[in-house]
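Engineer: If you scroll down you'll find the structure; I have some questions about it.
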Amino acid sequence: MVDETTGFSLWVDFIEREFIGTKLKEMIASEVIDGATSNPSIFANAIMKSPAYKEQLETLEGKSSKEKYEALAIADIKAAAEELRVCYESGYEGYVSIEVDPFLSSNTEGTIEEGTRLFQAIDEPNVMIKVPATNEGYAAMKELTSRGISVNATLIFSPEQALSAAKAMKEGIKEFELSGGGRVEGVISVFVSRFDRKLDA
């Protein structure tokens, strides 16, 4: 559950088909987590190893690697969003995020186009588009939030990046609200694992 005094919330950085219907469901029910985010490298590894994807992969024969990845990811993110709707509808976050292609990190228009396409394909209100905190990414964050698409700012390694991302999303959200839009949010992801490694060193 979100800590109302600090604004801190805990999200699970793992999405996998079998996990969604078992452990994720349990974590949501016990209020351990407030949201979830997909990690492309972990997800790609799960696709290669888990038998849960075999049937859908067979229907995607002849598609490019990216098309296969997106089809599988969209299905999983949609399923996770449905599980998290109970949190979302209660007002306690309940988002799940999917990342745009990392190769678009220096391409504002490409990020906006892909983020919009993924959001529309998943078709769930509690989906966030993960955008890298680059100069081009900040512009994309502002545009996406101004369209009513919630954003998760990622790859943040400095206070300056966090401030720039927050400013961009705040401006976009304000534009959306002024146009009569409803609920849209922006979050900044901090990688706890990096703190763990520093403490262990």
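When we follow our numbering, the leftmost residue of the sequence shown carries the number 87, and every step to the right adds one.
In this text, a Cβ means the ideal position worked out from N, Cα and C, and glycines have one as well.
Given a threshold of 16 other Cβ atoms within 10 Å of its Cβ, counted over all protein chains shown, does Met134 qualify as buried or as exposed?
Structural biologist: By the 10 Å Cβ count, Met134 comes out exposed.
Engineer: CB-CB under 7 Å to Val276, same chain, minus the five flanking residues each way: which ones, in chain order?
Structural biologist: Contacts found: Ile242.
Engineer: Can you tell which of Ser95, Ala130, Thr108 has the C-alpha that lies nearest to the C-alpha of Gly177?
Structural biologist: Ser95
Engineer: What do you reckon, are the CB atoms on Pro218 and Thr194 nearer than 8 Å?
Structural biologist: no
Engineer: On the three-state DSSP scale, how would you describe Glu185?
Structural biologist: strand
Engineer: Only counting the same chain, and skipping five residues up and downstream in sequence, which positions put a Cβ closer than 8 Å to that of Ile114?
Structural biologist: Glu169, Leu170, Val172, Cys173
Engineer: Taking the C-alpha atoms as reference points, what is the distance between Thr231 and Glu141?
Structural biologist: The alpha-carbon of Thr231 is positioned some 35 Å away from that of Glu141.
Engineer: So what does DSSP say about Gly268, is it helix, strand or coil?
Structural biologist: coil
Engineer: Under the rule that 16 or more other beta-carbon atoms within 10 Å means buried, what is Phe290, buried or exposed?
Structural biologist: The structure shown has nothing for residue 290, since the chain only spans 87 to 287.
Engineer: Which residues does DSSP pair with Val217 in a beta bridge?
Structural biologist: Ala239
Engineer: Does DSSP put Ile133 in a helix, in a strand, or in coil?
Structural biologist: helix
Engineer: CB Gly223 to CB Ser191, shorter than 8 Å?
Structural biologist: yes
Engineer: Per DSSP, Gly121 forms a beta bridge with which residues?
Structural biologist: Trp97, Tyr181
Engineer: Alpha carbon to alpha carbon, what distance is there between Leu146 and Met255?
Structural biologist: 36 Å
Engineer: Rank Asn238, Ile101, Lys152 by C-alpha distance to the C-alpha of Ser136 and give the top, closest one.
Structural biologist: Ile101
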